[in-house]
Each structure stands twice: as C-alpha cells, then as structure tokens.
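The structure appears right after this line, and notes come after that.
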Amino acid sequence: MTTEAQPSPSPVPTRKKETRGNKPTKGRVHRSKSRTEIRIRTILKHTLLIISALIMIYPLLWMIASSLRPNDLIFRAPGIWLTTFETSNFADGWNALAKPFSTYLLNSAIVVLGSIIGNLVSCSMAAYAFARLRFKGKKWFFGAMLLTIMLPFHVVVVPQYIMFSQIGWVNTFWPLIVPKLLATDAFFVFLMVQFIRGIPRELDEAARIDGAGHPRIFLQVILPLMVPALATTTIFTFIWTWNDFFSQLIYLTDPDMFTVPVALRNFIDSTGSSSWGAMFAMSIVSLLPVFIAFLFGQKFLLKGIATTGIK
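Its first residue numbered 35, the sequence shown is counted upward by one per residue in the numbering used here.
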C-alpha cells in the first residue's frame, strides 16, 4: 500500500506586537485633547462665575467698607480698600435714634413671627382644601386666587388703609399680621397646592379606612409630609416681611412702633446732615438675620422649590 503524503499546513502569519510607549494611538490623542478641552472650559466657566459673583457682591462689600469709615471719607473713597477702621459707627448707630436699635429689631421680629405663623396656618389649610376637597366652584375659586398674584399691592392699599383706620388698627401691628391669617399670599397657597398634589392619594384612603376624617388626615398625614413646602414658606415670609418698607411705613407712625426698614430711613435727613456711616453700620446689623435664615434654610428652600409640581 502506498500512502499519499499529506500537505503540510501553511504557517500562520504572526503579528508583531506593538510596543507601548513609542507613539500614542489616535484614540489616546483624542482622549487627551478632549480632557484638555474639558479642563479649559471648566476653568473658563469658574472664572466667569467668580467675576460675576464679585460684581454682584461688590455693593455689599462697599457697604461693609463704608460702615467702617468716617462720614467725610465714605463718598470720597469709593473703593472697598480700608485705610482706617471706624468702629464707632456701630455704637453711634445703635443709639442714634429715639430708641436703641434693639427696639426696632424686636418690633420687626414680632411682625415677622406673626406673619410666619399666619401664612403657615392659613395657606396650608387653604392649599389642602384646593388639593383634596371637592366643592362647587372649586376651579373658579382657584383661578380667582391665582389672579390675585398678578394684582399689585398698591391697588388695594387705599381701601385696606381706610378699613383698618375705621377700626382703629393704624399705628399697630395688626394690619401687618392679620391679613396673613386669611391666606392672602396666593403664591404660598399655590406652592403648597402643587406640593400636596404630589403626595399619593393612597395615604389618604388608608387613613380614611382607619376612620380618619379630613382634620386628622391633614394634621397627621399631609402636614408632616409638607415640611419642605412649609420651610420654603417660612424662609420667603421671613425675608419679604423683614425687608418690607412700604406697608410698614404706611401703618406705623409712632417712633416706638417702627420696624428696622422704617428706622433706617430716619438716618437720612433731607434738610441737614445724614449719618451715612451709622446707617450703613445698622444696615449690616439688619442683614445678619436674613443671612442666617437663608444660610440654615437653604437646604429646605431648594428642596421645597424643586419638589413642587412633581406628580
């Protein structure tokens, strides 16, 4: 028997291994370029943000610097660099008016506290009614409530002043607090309505099966879940009421009843010299409560606004 010789298998071509470190591939070049571009863009963005922040915070820095200068140098040196520290402006401003400045801080605290309590109680109850209850004309009342947001305060200030004057509430804190107990701030009602609509109705049904009525559902189910919305309402009410000048100037005429914004106005005299250094010093003091409130409530403020409208 003869055996045929089988052909030998052809040799498999071997690829040369690419040595690393000689030349970077195209992918690596593209990645390095993209990382460099990202870093350049990030640096440019942060630079623009820092410049914008300095421009916006410059008036505050100038006010702080002016509170530490003598009156004759406040407008001569418009920059923020200080050569002398005039700390006496704080002591002079604290006792410059008829009463110590602590009196005006206390008056503002009373108005702010009453406004916060009024908005939290009345606006939360009105929001629960619009979000959960069913009654005739609900959509029309809700639309009318939203229309009041676009109504300027100056339109209703004259009839309100006449009404409060007839009942003897002028030169008291009642005109500044009582309207808050009647859910007159439609913005907060709308904010809470949108928040309550995002709470599942299954929680209401489970509480109703246990025999709970609307008061118990509102107090024990809905209200504990509304903490972000309530915190947002508290912070906004605090800032707006503390900085309010127009309504407090109208209703408060007795110097002993003045709040902080009205008291700061008395530092400016249109007929004589004005205590600019003392006014700037007390302006810094009046800004501290607002800064502290926003600093500690920023987390709840962002959370309350971000979760509003989520269904």
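Each residue gets a CB set at the ideal place from its N, CA and C atoms; glycine is no exception.
Can you name the start and end residues of the alpha helix (DSSP H) that residue i belongs to?
i, result
"L139", "135–166"
"T268", "261–276"
"F109", "Careful: F109 lies outside any alpha helix (DSSP H) and carries neither H nor E."
"F169", "Here F169 belongs to no alpha helix (DSSP H), and DSSP marks it neither H nor E."
"N123", "122–128"
"R398", "Missing from the structure shown is residue 398; the chain here goes from 35 to 345 and no further."
"Q254", "Looking at the DSSP string, Q254 is not in any alpha helix (DSSP H), and its letter there is neither H nor E."
"F292", "Taken as a continuous stretch (DSSP letters only), F292 belongs to no alpha helix (DSSP H), as it is neither H nor E."
"F280", "280–285"
Could you compute how far the alpha carbon of residue i sits from the alpha carbon of residue j?
i, j, result
"W96", "A125", "20 Å"
"R250", "F270", "28 Å"
"S309", "S136", "18 Å"
"I284", "E236", "48 Å"
"A143", "F292", "11 Å"
"G55", "P93", "Legend: pLDDT at G55 = 49, less than 50; position of this residue unreliable, value from coordinates given subsequently. Cα to Cα, the separation comes out at about 55 Å."
"I243", "V155", "26 Å"
"M316", "S122", "12 Å"
"V46", "S68", "Since pLDDT at V46 reaches only 49, below the 50 mark, its modelled position is unreliable, and the value read off the structure follows with that caveat. Using only the alpha carbons, I get a separation of about 39 Å."
"P193", "N205", "16 Å"
"I72", "I318", "40 Å"
"G177", "G245", "32 Å"
"L83", "I74", "14 Å"
"L147", "F272", "8 Å"
"I85", "L107", "27 Å"
"G247", "F334", "29 Å"
"A160", "M179", "10 Å"
"I91", "Q228", "34 Å"
"Y162", "Q200", "34 Å"
Pick from the options: whose alpha carbon is nearest that of residue i?
i, options, result
"F221", "L102, A240, T267, A165", "T267"
"V261", "L225, V145, I74", "L225"
"L286", "R242, L78, I211", "I211"
"E239", "Q228, F252, F229", "F252"
"I196", "P209, F314, L185, F175", "P209"
"F330", "W274, A265, N277, M159", "A265"
"V190", "E71, S86, N277, T218", "T218"
"I233", "A246, L216, P112, A263", "A263"
"I98", "P112, S86, L185", "P112"
"S101", "T117, I89, A87", "T117"
"F301", "A160, T81, N105", "N105"
"I89", "I114, F109, T70, T76", "I114"
"E120", "H188, L322, A312, Q332", "A312"
"P289", "F169, R103, N141, H80", "N141"
"I150", "V255, L215, T81", "L215"
"A130", "T70, F314, F169, L321", "F314"
- prompt: Can you give, in chain order, each stretch of the beta strand (DSSP E) that sits fully within the region 182–237 and has at least 3 residues?
  reply: The beta strand (DSSP E) runs of length 3 or more contained entirely in the region 182–237 do not exist; there are none.
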